[in-house]
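Residue numbers (full-length UniProt numbering), protein chains in the order written: chain G, 1 to 667; chain Z, 1 to 667; chain C, 1 to 667. No residue lacks a Cβ here, since even glycine has one placed at the ideal position from N, Cα and C. Source: prediction; values computed, not measured.
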Amino acid sequence: MNARMAAFRERLGGFAFGGDYNPEQWDPAVWKEDVELMRRAGVNLVTVGVFAWASLEPSPGEFTFGWLDDVLDLLHAAGISVDLATPTTAPPVWLSHGHPDVLPVMEDGETFGFGNRLHFDPTSPRYRSHAVRIADRLASRYSQHPALAMWHISNEYGPTSYGPHAAAAFRVWLRRRYADLDALNDAWYTRFWGQRYTDWEQVAPPEVPRSWSNPARRLDFKRFISDALLECFIAERDAVRRYRDDIPILTNFMRFYRHADYWRWAPHEDAAALDIYPDPGRPGSHVSAALNFDLMRSLRGEPWVLMEQAASAVSQWKVNNVKRPGRMRLGSYQAIAHGADSVLFFQWRAGRGGHERFHSAMLPHSGPAARTFLEVAALGNELPLIAAVAGAPSSADVAVLFDWDAWWGLEVTHGLPRNDFDYTAIVESAYRPLFEAHYAVDLVSFGSDLSRYRILVVPNAYLVDDGFVAAVEEFAAAGGTVVVSFFSGVVDVNNQVRQPAYPGAFRRLIGAYIDEYWPAREGETFEVEFADGTTAIADWWQESLHPETATVLGTYTTGDLAGRPALIRNDHGSGCVVYIGTRLEPAALRDTLLSAVRAAGAAPVVEGAPPYVEAARRDRYLFLLNHSDARAATVTVPGPGRDLLTGAAVTDAVDLPPLGVAVVELS
Amino acid sequence: MNARMAAFRERLGGFAFGGDYNPEQWDPAVWKEDVELMRRAGVNLVTVGVFAWASLEPSPGEFTFGWLDDVLDLLHAAGISVDLATPTTAPPVWLSHGHPDVLPVMEDGETFGFGNRLHFDPTSPRYRSHAVRIADRLASRYSQHPALAMWHISNEYGPTSYGPHAAAAFRVWLRRRYADLDALNDAWYTRFWGQRYTDWEQVAPPEVPRSWSNPARRLDFKRFISDALLECFIAERDAVRRYRDDIPILTNFMRFYRHADYWRWAPHEDAAALDIYPDPGRPGSHVSAALNFDLMRSLRGEPWVLMEQAASAVSQWKVNNVKRPGRMRLGSYQAIAHGADSVLFFQWRAGRGGHERFHSAMLPHSGPAARTFLEVAALGNELPLIAAVAGAPSSADVAVLFDWDAWWGLEVTHGLPRNDFDYTAIVESAYRPLFEAHYAVDLVSFGSDLSRYRILVVPNAYLVDDGFVAAVEEFAAAGGTVVVSFFSGVVDVNNQVRQPAYPGAFRRLIGAYIDEYWPAREGETFEVEFADGTTAIADWWQESLHPETATVLGTYTTGDLAGRPALIRNDHGSGCVVYIGTRLEPAALRDTLLSAVRAAGAAPVVEGAPPYVEAARRDRYLFLLNHSDARAATVTVPGPGRDLLTGAAVTDAVDLPPLGVAVVELS
Amino acid sequence: MNARMAAFRERLGGFAFGGDYNPEQWDPAVWKEDVELMRRAGVNLVTVGVFAWASLEPSPGEFTFGWLDDVLDLLHAAGISVDLATPTTAPPVWLSHGHPDVLPVMEDGETFGFGNRLHFDPTSPRYRSHAVRIADRLASRYSQHPALAMWHISNEYGPTSYGPHAAAAFRVWLRRRYADLDALNDAWYTRFWGQRYTDWEQVAPPEVPRSWSNPARRLDFKRFISDALLECFIAERDAVRRYRDDIPILTNFMRFYRHADYWRWAPHEDAAALDIYPDPGRPGSHVSAALNFDLMRSLRGEPWVLMEQAASAVSQWKVNNVKRPGRMRLGSYQAIAHGADSVLFFQWRAGRGGHERFHSAMLPHSGPAARTFLEVAALGNELPLIAAVAGAPSSADVAVLFDWDAWWGLEVTHGLPRNDFDYTAIVESAYRPLFEAHYAVDLVSFGSDLSRYRILVVPNAYLVDDGFVAAVEEFAAAGGTVVVSFFSGVVDVNNQVRQPAYPGAFRRLIGAYIDEYWPAREGETFEVEFADGTTAIADWWQESLHPETATVLGTYTTGDLAGRPALIRNDHGSGCVVYIGTRLEPAALRDTLLSAVRAAGAAPVVEGAPPYVEAARRDRYLFLLNHSDARAATVTVPGPGRDLLTGAAVTDAVDLPPLGVAVVELS
């Protein structure tokens with residue numbers, strides 16, 4: 001476990017509770033009330049300075065740190081620690097006005113102007129040097145401030161640029177990856193459509209996609225941008241670390257963020273940190289949240305930081321629903337159950353203006369009498385009851401592949417047999433039955449160590465790298481169970497079809513080859529009959545599967561492929577592989593997955609609980625969360641213990657009211 | 001009443017009848033036939049020259065006024081007056097080809113090129129000087145022409161530009177508004193997201209909206225563009241007026257036009273003038289037309305000019321339906337009923353080419369035997385029967401707020417609790433029940449004098465200025481009734497949330513505060529129970545209302561806010577306020593509004609008529625209009641009189657066939 | 001018949017069978033396997049070099065013809081002929097990188113960059129000179145190669161450019177068309193909206209359409225681009241022909257391609273050639289295919305070349321369905337039935353990378369055991385059975401107008417009474433009943449000789465030229481039957497309404513005029529009653545028809561025009577004209593058309609066959625094609641003969657299984 005994070009946890013005496021604090025919005029008179037109300041709410045950590053560059057350096061080289069000195073002193077005096085941000089997500093207007101080349105150039109060639117946020121080109125040398133400069137100045141001034149507990153580098157790294165800086169940096173990145181142009185030409189398959197490059201200078205970022213473009217070029221550009229953003233982070237991190245080495249440094253990740261490969265980022269962070277805003281108006285958004293939480297924990301195999309969530313509504317969608325009473329508390333415990341060691345919000349006090357004026361805050365426009373503040377303060381004062389949980393580890397028998405290369409392969413390129421794949425929805429559809437059956441799940445990437453798991457689920461991994469193919473074969477050979485769903489293993493890392501037959505990467509593993517992919521016609525469904533005579537409906541996709549060593553688990557009884565296998569099973573070494581060649585209706589997918597999970601010997605966290613009750617463990621702490629607004633539940637638990645929230649002894653079951661939470665320390 | 005308009009009316013001996021006449025499309029031989037047919041159709045006014053710049057000045061400084069001389073002489077000889085247009089809506093190609101900087105730059109940064117209309121940047125100094133120059137030349141030549149009865153400045157002012165001229169002019173406008181940069185920074189809340197400006201040169205028009213932008217900046221840019229267009233009008237008006245002061249000068253407004261604040265424009269015009277093209281294919285478009293007519297009358301509290309309508313179909317929509325027989329006549333009388341002193345069309349003779357070749361004309365492609373011409377001529381020959389009505393004033397007990405700042409606040413900015421507000425639809429939904437119950441309605445803006453009304457309706461006025469807040473309080477205190485609907489009074493003119501609690505502006509007025517806004521979930525509905533035990537369905541929006549001095553009129557019986565108030569009533573001085581915190585189903589909104597209207601002592605124009613019959617009064621003239629295609633109606637009228645169209649005596653009721661019209665002069 | 005094509009056919013001994021071969025994708029080791037498998041599949045022609053520019057000229061002036069020498073020698077040795085392509089559809093990156101002015105500028109002003117295909121501006125002088133240069137080099141090297149059987153100039157000519165080269169070339173084209181600017185001003189009706197040009201330099205390509213634009217300018221720009229692309233073809237053709245005159249030279253057309261007027265192109269080709277990719281997921285796509293096939297045959301009145309089709313799925317749509325077993329064979333025979341003398345595919349071997357990696361190939365990723373290869377090889381080995389059919393001519397009694405000017409008039413311009421016309425769908429809706437009733441159909445353009453037909457169908461020809469009007473009148477006068485559907489004959493070639501009344505061009509022909517066009521309201525339908533008392537439903541469109549010499553065939557019984565004629569019939573000389581003034585339901589349209597066809601004395605290919613069976617003749621060869629997946633059919637044939645595919649004698653009927661094909665040589 002990361003030592004800096006351990007020290008941080010110790011400093012806070014358990015969980016971090018608080019949020020983004022942007023005092024530059026308010027007169028100093030308000031700051032006093034803020035601190036008073038923070039104390040009332042149990043706040044012990046605030047993130048300061050995320051958008052403060054213009055307030056700290058109003059003109060080039062003119063610094064106005066005084067107000068920040070005062071804020072940090074005031075917070076420190078109140079016993080509140082500070083997560084100090086480098087403000088590089090929002091460069092001041094004097095930078096972009098004087099030097100428009102720091103602004104990102106969008107895919108359509110237009111410059112993204114000042115007046116929003118994230119108005120920087122991550123590949124601009126000028127931006128980078130200014131970012132490092134302001135980070136250095138902040139670190140030089142505040143590294144030894146007693147309030148300082150953590151560094152927050154920039155914010156929600158994101159912008160892509162397609163401009164001249166990006167073109168130059170992309171070429172540098174490509175030269176590093178391919179060394180010579182022939183290798184690039186091979187990787188990008190430029191031998192076709194006459195796309196062969198003869199000079200590095202000819203290579204440029206991809207244009208606006210018009211459905212006809214080189215899929216390998218698009219893929220590499222995604223990888224490049226993720227790396228370019230990461231370089232920005234590392235440069236600031238190193239600037240800050242120079243002044244002090246014992247404080248965690250991290251940046252905040254986002255929910256299912258398509259533009260940065262967090263597996264590559266995580267080793268450079270002291271902890272994974274997540275900003276998450278599940279839509280309160282969408283039923284089932286807690287499953288997607290759980291999946292993201294598990295991803296954060298899996299990135300480093302450690303507890304992580306819930307860096308931002310909303311106290312109630314957000315301001316980013318067409319309709320921004322509020323969180324009903326109890327939902328914010330439930331979601332906060334859910335994050336902890338999945339490994340978070342903090343509950344932090346954006347932001348402390350609702351702003352009066354700007355785009356986010358209606359984004360809910362811990363302290364709403366309607367003040368400390370407001371429902372939201374009361375719920376926030378209640379939670380802040382309740383969390384110390386479970387302080388012992390902070391830092392506790394988690395473990396899982398089940399692994400699900402979630403890899404950015406697999407994602408990009410499926411969604412960034414065109415020309416697939418069908419082009420409406422939604423990778424995160426696909427992963428979630430495999431994750432949901434495991435979640436509802438109360439199995440602990442880790443997410444893994446191509447490079448992950450699989451040996452700790454009993455079963456690996458590989459949803460629609462169209463693109464896989466050779467290392468992963470070998471690792472999966474080894475995992476199965478050693479007795480692991482693998483479930484692979486359709487259109488997996490098709491191409492290599494360059495988006496080139498693996499030969500000589502589909503699915504090139506997994507043919508041996510699944511013991512079958514596929515002649516053709518048969519995406520379903522509009523509205524078409526198929527019946528699949530299983531060995532036991534039961535049937536299920538499938539749709540969306542078929543494959544003409546030809547078993548070689550595999551046995552048939554399910555067969556189409558209708559449609560163009562009637563009589564052909566829909567699901568097969570193959571023994572591989574001591575393990576076995578189930579391959580699902582179509583999109584099964586949810587109940588059938590659930591049964592197929594759970595039967596494989598059980599056969600693999602994986603154990604659920606609890607047995608027999610209803611699907612709307614979530615169960616998760618951190619070490620000896622069992623979290624039970626009732627996501628139903630209406631239904632109570634009684635959950636049988638594995639042994640006696642004590643509910644830390646109520647102090648009540650637990651013998652063998654826990655009663656949960658609607659939206660109820662229990663944190664049982666098992667004996 | 002405007003003296004120039006009075007003289008104009010006198011000159012025409014009642015109503016103006018005619019339309020746009022573009023003789024430059026035709027050989028002079030056709031002009032003679034035109035004039036002959038105009039006389040047959042009762043035409044007494046035509047608008048000439050709207051698009052004639054290229055015909056009048058084919059190359060810079062080379063003028064070819066001869067043809068226009070001939071046209072004006074010909075018209076004058078036929079007794080037809082002329083509304084002479086400055087042709088500045090369509091600059092000649094030599095201007096934009098030689099000086100592309102006169103072309104507008106669109107929001108996406110592209111230049112709007114020659115080949116359409118409205119291809120001018122209203123902030124271009126070069127465009128402005130050329131526009132004034134051609135206006136001056138026209139005025140110098142034709143001011144004393146005996147045919148001249150009115151000046152028509154440019155046409156449907158509209159284009160927005162985001163280019164360098166606009167940027168410079170925006171800064172000038174902002175300096176005038178804010179004087180110093182600190183004030184702008186405060187107004188725009190740039191303290192957040194690091195948007196603080198330190199030099200005026202850094203301030204620019206907003207970029208393409210990507211949902212994350214400064215809402216105050218967007219709002220000010222809307223105000224600025226409206227003012228910039230108005231400056232164009234004023235400059236031409238002044239150039240023309242220099243030559244002659246007794247002729248009305250105006251420009252034509254458009255239906256629900258979002259980009260120009262007509263309340264600010266109207267004082268600079270001699271009359272409001274409207275171009276309106278209700279979609280004949282949309283049932284109920286006559287209600288929207290009535291609302292626009294009332295807006296035109298309210299802008300100056302005077303009769304106005306119906307400057308353009310279609311004789312039948314237009315050419316601007318995907319499907320352009322014709323007006324069924326009788327519909328054009330009915331719509332023309334409807335405009336008059338709401339205060340129009342003219343019936344004018346675009347255009348006289350259907351063009352053979354160009355984009356508008358299928359826009360119906362008074363004289364269609366199929367010639368004077370065509371249905372449309374016959375209906376036009378019948379109307380032109382019927383109008384003199386009601387000549388006495390011209391100039392007659394109107395009055396109303398009921399005022400409805402319709403303010404561009406309120407509109408822009410709700411629609412131009414993002415990040416609201418929900419972002420699908422449709423301001424004009426909202427206003428129309430409050431207007432429709434008043435219209436169908438035969439109440440006369442004035443529209444008012446923030447700055448209007450409210451003292452003449454008994455009741456004021458404020459639909460969803462998210463943004464209100466302080467003056468309006470004070471005026472409404474005074475109005476209520478003095479005994480007025482106010483009906484306010486949800487999400488009103490939230491922000492100030494800078495789009496900043498009024499503190500310390502919602503609805504900041506109206507908390508005292510409505511006697512309650514709101515903890516949180518609760519936009520409805522997709523498909524969610526709520527039951528509201530009223531004091532008398534009746535119930536209604538509501539949807540789309542809720543608020544957690546906390547009455548302070550108010551009493552409850554209706555309570556939610558279902559949903560998240562079951563048991564909380566949905567509608568409240570508060571006494572304020574001698575008056576009272578009804579606040580509607582949700583979107584009621586139409587019948588319930590109608591009952592709530594009408595009950596408040598009746599309680600306020602407002603009187604309808606007629607009693608007991610069906611909702612498809614419209615009733616409106618101008619002084620002692622009562623207009624009855626049957627909008628049903630199928631149903632006849634008998635309408636009880638307030639006292640005896642005479643139907644000016646038939647000459648028949650009216651005792652106490654009038655029979656209207658489908659699409660029938662009566663104009664009763666009450667004794 | 002074209003002598004070069006006759007020689008080509010003789011060389012191949014019947015039909016050409018093969019496809020695009022892109023060996024530059026593969027190591028030479030693969031080439032050997034390719035040739036071996038080609039022979040197995042019966043391939044006798046491959047198209048080589050379409051995308052090979054970068055492989056042939058890797059840097060300016062450095063040629064690497066060696067590999068192509070080898071490929072051609074290898075193919076020749078195997079007895080496979082070559083259709084050698086000039087590779088100008090995909091210029092190498094060194095050309096566009098060094099000279100970005102060869103790239104097309106899109107309608108929105110952005111440059112279409114390298115990385116796709118068709119990245120050339122057809123109006124760029126630099127592009128043109130490079131294209132001719134490489135064509136010349138290829139011809140100089142390979143003209144005498146024994147494998148060479150045909151030249152394939154570029155590929156699917158298509159790109160439009162709006163940049164400076166296009167502007168300059170457009171002006172040249174316009175000067176050629178109009179000679180002086182006054183004529184252009186008249187043609188474009190610039191007299192309105194002040195659009196008059198006073199200098200050629202002011203004229204530019206149209207901007208992005210924003211619904212308000214000059215319809216004549218847009219129309220001329222379409223014509224210009226088609227001509228500009230054709231100039232590219234002609235320049236390369238002439239460069240190649242210089243070296244050898246006896247080889248056919250052509251380029252490949254596309255299905256319903258909107259941007260090139262193939263009637264103008266066809267005389268410059270040695271044969272029409274078609275690339276067609278009917279969507280296997282869309283029922284009825286074989287009718288659309290038949291129509292395109294007939295268009296290809298009609299363009300030159302000769303057999304044509306099926307240049308590209310897919311062996312199974314394509315990769316261009318959102319969902320790319322496979323061709324079910326038997327469908328590829330059926331579609332191939334369908335092309336032959338309609339006059340194709342070849343069955344060629346894109347491409348031979350499925351590529352591993354690039355955008356089209358999942359476009360099906362003759363030899364799929366899964367190799368020669370794959371279903372698709374087996375079907376391809378079976379067809380290739382079956383085709384020699386019908387070798388005698390190659391070159392056989394077709395004839396038809398029925399002509400249907402399909403003209404690009406008519407198409408552009410209806411779709412390129414805005415402001416019509418309704419703006420959702422879909423020209424190709426309209427033509428297809430008239431073609432389908434003829435197809436299903438087994439009539440042979442030719443397509444004709446404005447300039448076609450009509451004298452060989454008995455009946456002419458003119459679907460929605462909004463724009464017609466004067467020559468066609470005269471030709472149709474002459475055709476009818478001489479005894480021909482004409483069926484014209486609504487909104488035809490309205491404007492001239494400049495998109496100007498023909499005066500004095502609708503339908504200007506056809507008023508005399510149809511014996512009626514139209515007062516107004518009445519597009520239907522949303523969802524509106526009308527009942528039409530025919531003379532015999534039967535009724536039908538119509539929708540979408542009405543016209544207020546006023547018969548002058550015509551008699552009424554059908555009358556509206558409901559709707560705004562109840563009592564007015566919906567269909568009329570007019571005698572014209574010895575012929576007669578049926579005019580359909582509304583959109584009839586399909587069965588009524590079918591009955592109207594077939595009754596006219598029968599009355600005109602046209603004879604079907606077969607009698608009494610079900611509509612899912614297609615029948616077509618080439619000389620004495622009768623093709624019967626069963627498009628049903630499920631139903632068999634027995635088809636009565638006109639006399640005895642022999643089924644060339646089975647060798648079986650045919651007396652008076654043929655039995656077709658589902659998807660079955662018979663090719664009967666009639667005695």
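Suppose you measure from the CA of residue i to the CA of residue j; what does that come to, to the nearest Å?
i, j, result
"A553/Z", "V484/Z", "The sequence given here places Leu at residue 553/Z; Ala does not occur at that position. So the two alpha carbons sit approximately 14 Å from each other."
"A615/Z", "V389/Z", "15 Å"
"W173/Z", "T413/Z", "20 Å"
Suppose the cutoff is 7 Å on Cβ atoms and the five residues either side in sequence are ignored; what does the same chain contact list for residue i look like?
i, result
"V650/G", "V637, P640, G641, R642, D643 and V664"
"R241/C", "I249"
So, at 6 Å on beta carbons, what are the nonlocal neighbours of residue i in its own chain, with the 5 sequence-adjacent residues on each side left out?
i, result
"T551/G", "R569"
Run through chain C and tell me which residues come within less than 9 Å of residue i, C-beta to C-beta.
i, result
"P248/Z", "Within chain C, no residue comes near P248/Z; the closest Cβ sits about 24 Å away, beyond 9 Å."
So which residues on chain G does residue i lean against when the C-beta distance must stay under 8 Å?
i, result
"residue 716/C", "With chain C running from 1 to 667 in the structure shown, residue 716/C is simply not present."
So with CB distances below 9 Å, who are the chain Z contacts of residue i?
i, result
"A41/G", "What A41/G touches in chain Z: nothing, since even the nearest Cβ is about 17 Å away."
Taking contact to mean at least 3 C-beta pairs separated by less than 8 Å, is the stretch 284 to 301 of chain Z in contact with the stretch 431 to 441 of chain Z?
-> yes
Is there contact between the stretch 74 to 91 of chain Z and the stretch 189 to 201 of chain C, where contact requires at least three CB pairs shorter than 8 Å?
-> At 8 Å Cβ cutoff, the stretches touch.
So, do the stretch 504 to 514 of chain G and the stretch 575 to 587 of chain G have three or more beta carbon pairs nearer to each other than 8 Å?
-> yes
Quick check: the stretch 380 to 396 of chain Z against the stretch 244 to 254 of chain Z, are there 3 or more CB pairs under 8 Å?
-> no
Do three or more CB pairs link the stretch 292 to 303 of chain Z to the stretch 440 to 447 of chain Z at distances below 8 Å?
-> yes
Interface residues of the stretch 20 to 39 of chain C facing chain G [CB-CB below 9 Å] = N22, E24, Q25 and W26
Tell me, please, whether the stretch 599 to 619 of chain G touches the stretch 537 to 549 of chain G by the rule of three or more beta-carbon pairs shorter than 8 Å.
-> no
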